[in-house]
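Let me begin by presenting the structure, written as structure tokens, before commenting on it.
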Amino acid sequence: MRNAFIQKLMELAEHERDLILLTGDLGFKVLDKFRDKYPKRFFNIGVAEANMASIAAGLALEGKRPFMYSIATFATMRCYEQIRNDICFHKANVKIVSVGGGYSYGPNGPSHHALTDIAIMRALPEMTVISPGDPIEAACATQAAYHYPGPVYIRLGRSNEPVIHPKDLKFEVGKGIIVQEGEDIALISTGNMLETVVSVSKSLSSLGLSVRVVSLHTVKPLDEQLLKDCFTNFPAIFTIEEHSIIGGLGSALLEFAVQNDFNHSKLKCIAVPDHTIHETGSHDYLKKICGLSPEQIVERIQKTMKELHLC
Amino acid sequence: MKELYSHHEIQQRAILIRRHVVKMAFEGKTSHVGSSLSCVDLLSALYFRIMTIDPQNWNEANVDRFILSKGHGVMAWFATLAERGFFSTETLKEYAQDGGRLAEHPSHGLLPGIKVSTGSLGHGLSVGLGMALAKKMDQSPSRIFVLLSDGECNEGSVWEAAMYATHHKLDNLIALIDYNKIQAMGRSNEVNALEPLRDKWRAFGWAVEEINGHNLDEILKSLEHLPFQSGKPSIVVAHTVLGKGVSFMEDDLLWHYQVPSEIQVKQALEELKSP
Numbered sequence: 029m030r031n032a033f034i035q036k037l038m039e040l041a042e043h044e045r046d047l048i049l050l051t052g053d054l055g056f057k058v059l060d061k062f063r064d065k066y067p068k069r070f071f072n073i074g075v076a077e078a079n080m081a082s083i084a085a086g087l088a089l090e091g092k093r094p095f096m097y098s099i100a101t102f103a104t105m106r107c108y109e110q111i112r113n114d115i116c117f118h119k120a121n122v123k124i125v126s127v128g129g130g131y132s133y134g135p136n137g138p139s140h141h142a143l144t145d146i147a148i149m150r151a152l153p154e155m156t157v158i159s160p161g162d163p164i165e166a167a168c169a170t171q172a173a174y175h176y177p178g179p180v181y182i183r184l185g186r187s188n189e190p191v192i193h194p195k196d197l198k199f200e201v202g203k204g205i206i207v208q209e210g211e212d213i214a215l216i217s218t219g220n221m222l223e224t225v226v227s228v229s230k231s232l233s234s235l236g237l238s239v240r241v242v243s244l245h246t247v248k249p250l251d252e253q254l255l256k257d258c259f260t261n262f263p264a265i266f267t268i269e270e271h272s273i274i275g276g277l278g279s280a281l282l283e284f285a286v287q288n289d290f291n292h293s294k295l296k297c298i299a300v301p302d303h304t305i306h307e308t309g310s311h312d313y314l315k316k317i318c319g320l321s322p323e324q325i326v327e328r329i330q331k332t333m334k335e336l337h338l339c
Numbered sequence: 602m603k604e605l606y607s608h609h610e611i612q613q614r615a616i617l618i619r620r621h622v623v624k625m626a627f628e629g630k631t632s633h634v635g636s637s638l639s640c641v642d643l644l645s646a647l648y649f650r651i652m653t654i655d656p657q658n659w660n661e662a663n664v665d666r667f668i669l670s671k672g673h674g675v676m677a678w679f680a681t682l683a684e685r686g687f688f689s690t691e692t693l694k695e696y697a698q699d700g701g702r703l704a705e706h707p708s709h710g711l712l713p714g715i716k717v718s719t720g721s722l723g724h725g726l727s728v729g730l731g732m733a734l735a736k737k738m739d740q741s742p743s744r745i746f747v748l749l750s751d752g753e754c755n756e757g758s759v760w761e762a763a764m765y766a767t768h769h770k771l772d773n774l775i776a777l778i779d780y781n782k783i784q785a786m787g788r789s790n791e792v793n794a795l796e797p798l799r800d801k802w803r804a805f806g807w808a809v810e811e812i813n814g815h816n817l818d819e820i821l822k823s824l825e826h827l828p829f830q831s832g833k834p835s836i837v838v839a840h841t842v843l844g845k846g847v848s849f850m851e852d853d854l855l856w857h858y859q860v861p862s863e864i865q866v867k868q869a870l871e872e873l874k875s876p
């Protein structure tokens, strides 16, 4: 996803002279081509995320449109107050792009696991939160965020995510994408879980279930129309995300259901438990510990469907 | 755009600003009267002589910018803006009142002249740095002035900004430290090893001048030859006194917090009269 992001940013920068890229000393090789082509609009702030967020705000207050880039944990937590006070208070036109959503940086250990970023970013007034599901969505989100007013947080995976969507994808901030239509259950995915969710839906389809798959890339603001449709027309809805069970997509949908008097008991949230994994392991290994492998998710959904007497 | 105020006029305004501050603290029942009084002379020098400003077009691209990074000194800033014609002195009555536009730390978007909201220390210099970068990119003559407190220099982000401003040779960025020697829990140099402050900034690559922050001649002499050095950010370490101008408030930690009583206000206003 990060290559798709930088590719799109390069294209935008060609015509948009106010576009600036800041990094907290991360993105070796990934950001090099931007730096080489637009050296005057590229700033490596150094290992100083708080400084970076405030500088981005200052640039935006003087009419620039900065993107700031770092690993998801550093880009959100180290500078949270700067994001709130300097970026959000001022509705500054800053786009925060993070890499390594969820366990993408698996073997790097818990310091690099971004499991609460959606929760803390969506809690900020003025902040838009986008969590693209594949490289196509990542490119679209980059372009859309540039034109979208105010602060935007884009949570990318890392690299090597497969392309799920067609190249001519219709993308709009705040509008979920129906990847596959179905009738029995709705699987709502955000971010880099999309590949897993597509695989889960294939398994469930082969078991005779008709599955709607939604990529809900924008966690804030929510696509209320699409969610109303899901709650009205589906007996069971599952949110699936590589993020803590606390405060992420599942929580956002629960809030939506409760506020709008939908039957929230038909909603089940599949997410990372409230824990820290200290042992080392690959992305897939860590997901398995959390019950987020395709097989585990299929099993869990089947069990729930039986409990609900839906199959 | 630039009106010339004489030394005498600037000193007169400083007295008026101090009078507003004392009254605001009393009416608003707020703390930080001492922290406001210590930076009045710096603010009046900036707003009545040094900065290129236009109260009617305060956000125009080429005028100078000011950030009160020590947001708790806001009474002095509001009073200075009012005296300089950004808004009426009548507006100062809204300070710390329900529904008012003047909070106990600056909030932007409600009144002219206030571009950056502050209140949490250690933000202003980095925001100013971003603005200074933008101005350099646009080849604008606009300069960015940031007023910090001494206690604020405990914040690591101040030094992140200090290093990076030098890296980009931002000589359009000017910091001022209101060095009143007192922070929230005690004497600044007893809380943390602030000294040698001038050497620290110099080591970070800034052009430093150390002045008496209540002596208008010294303040103007220093700030009238900005940048101190081409290709370097400038900083004024201004030695000041907490509560300056009101004898019983001077250099006393109590006045970081205490709300003056009616009698104390009377006494303060008695002291704050034109020479």
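So the protein sequences, as listed, match chains A and B.
Under the working numbering, think of the first position of the first sequence as 29, with each following residue one higher.
Under the working numbering, think of the first position of the second sequence as 602, with each following residue one higher.
Backbone N, C-alpha and C fix where the C-beta goes; we use that ideal spot for every residue, glycine too.
With a 10 Å radius around the Cβ and a threshold of 16 neighbouring Cβ atoms, Lys36 of chain A comes out buried. The beta carbon of Met625 of chain B sits no closer than 7 Å to any beta carbon of chain A. Taking a Cβ-Cβ threshold of 7 Å, none of the residues of chain A is close to His706 of chain B; the smallest such distance is about 10 Å. A distance of 7 Å or more separates the beta carbons of Ile836 of chain B and Ser823 of chain B. Around the CB of Arg45 of chain A, fewer than 16 other CB atoms lie within 10 Å, so the residue is classed as exposed. Taking Ser229 of chain A as the centre and dropping the five residues before and after it, the same chain places the C-beta of Gln208, Leu215, Val239, Val241 closer than 7 Å to its C-beta, in chain order.
According to the DSSP assignment, Leu824 of chain B belongs to the alpha helix (DSSP H) that extends over 817–824.
Within the same chain, and ignoring the five residues on either side of Thr308 of chain A in sequence, the residues whose Cβ sits closer than 7 Å to its Cβ are Pro135, Gly137.
Under DSSP, Gln287 of chain A shares a beta bridge with no residue. Contact annotation: Ile618 of chain B and Ala680 of chain B have beta-carbon atoms nearer than 7 Å. Residue state for Asp60 of chain A is assigned as helix, using DSSP reduced to three classes. Neighbourhood of Val675 of chain B in chain A, by CB distance below 9 Å: empty, with the nearest CB roughly 15 Å away.
With a contact defined as Cβ atoms closer than 8 Å, Leu152 of chain A and Arg112 of chain A qualify at about 6 Å. In terms of Cβ geometry, Met333 of chain A and Glu269 of chain A do not form a close pair [threshold 7 Å].
For a cut-off of 8 Å, the C-beta gap from His769 of chain B to Leu734 of chain B is around 6 Å, short enough to register as a contact. At a Cβ-Cβ threshold of 7 Å, Tyr765 of chain B and Asn72 of chain A do not count as neighbours. For Lys316 of chain A, the uninterrupted alpha helix (DSSP H) segment begins and ends at 311–317. Note on geometry: alpha-carbon atoms of Lys801 of chain B and Leu748 of chain B lie some 17 Å from one another.
Measuring C-alpha to C-alpha distances from Asn816 of chain B to each of B:Ser750, B:Asp751, B:Cys640, B:Val634 identifies B:Cys640 as the nearest.
Assignment of Ile274 of chain A by DSSP, reduced to helix, strand and coil, places it in the coil class.
In this structure the region 667–683 of chain B touches the region 622–637 of chain B; the number of beta carbon pairs closer than 8 Å is three or more.
Taken in chain order, the members of the region 718–742 of chain B whose beta-carbon sits within less than 9 Å of a beta-carbon on chain A are Ser718, Thr719, Gly720, Ser721, Gly723, His724, Gly725, Leu726, Ser727, Val728, Gly729, Leu730, Gly731, Met732, Ala733, Leu734, Ala735, Lys736, Met738, Asp739, Ser741. Short of 6 Å from the beta carbon of Phe284 of chain A, and not among the five residues preceding or following it, lie these beta carbons of its own chain, in chain order: Leu250, Leu255. Around the beta carbon of Gln784 of chain B, a 10 Å sphere encloses 16 or more other beta carbons of the protein chains shown; the residue is thus reported as buried. Among the residues facing chain A, Ala762 of chain B is included, as its CB has a counterpart in that chain under 7 Å away.
Under the three-state reduction of DSSP output, Ser670 of chain B falls in the coil class, being neither helix nor strand. Taking C-alpha positions only, Leu711 of chain B is separated from Ser718 of chain B by approximately 11 Å. The three-state secondary structure of Phe33 of chain A, taken from DSSP, is helix. Neighbours of Lys867 of chain B in chain A, taken as residues whose beta carbon is under 7 Å from its own, are absent, since the nearest beta carbon is some 38 Å off.
Under the 10 Å beta carbon count, His303 of chain A is surrounded by fewer than 16 other beta carbons and is classified as exposed. Taking 7 Å as the threshold, the shortest C-beta distance from Ser98 of chain A to chain B does not fall below it. About 13 Å separates the beta carbons of Gly219 of chain A and Gly278 of chain A, which is beyond the 8 Å limit, so they are not a contact pair. When rounded, the separation of the alpha-carbon atoms in Pro713 of chain B and Asp751 of chain B is 27 Å. Beta-bridge annotation (DSSP): Ile268 of chain A is paired with A:Ser217, A:Ile298. Contact annotation: Ser159 of chain A and His245 of chain A have beta-carbon atoms nearer than 7 Å. In the three-state reduction of the DSSP assignment, Asp772 of chain B falls in the coil class, being assigned neither a helical nor a strand state.
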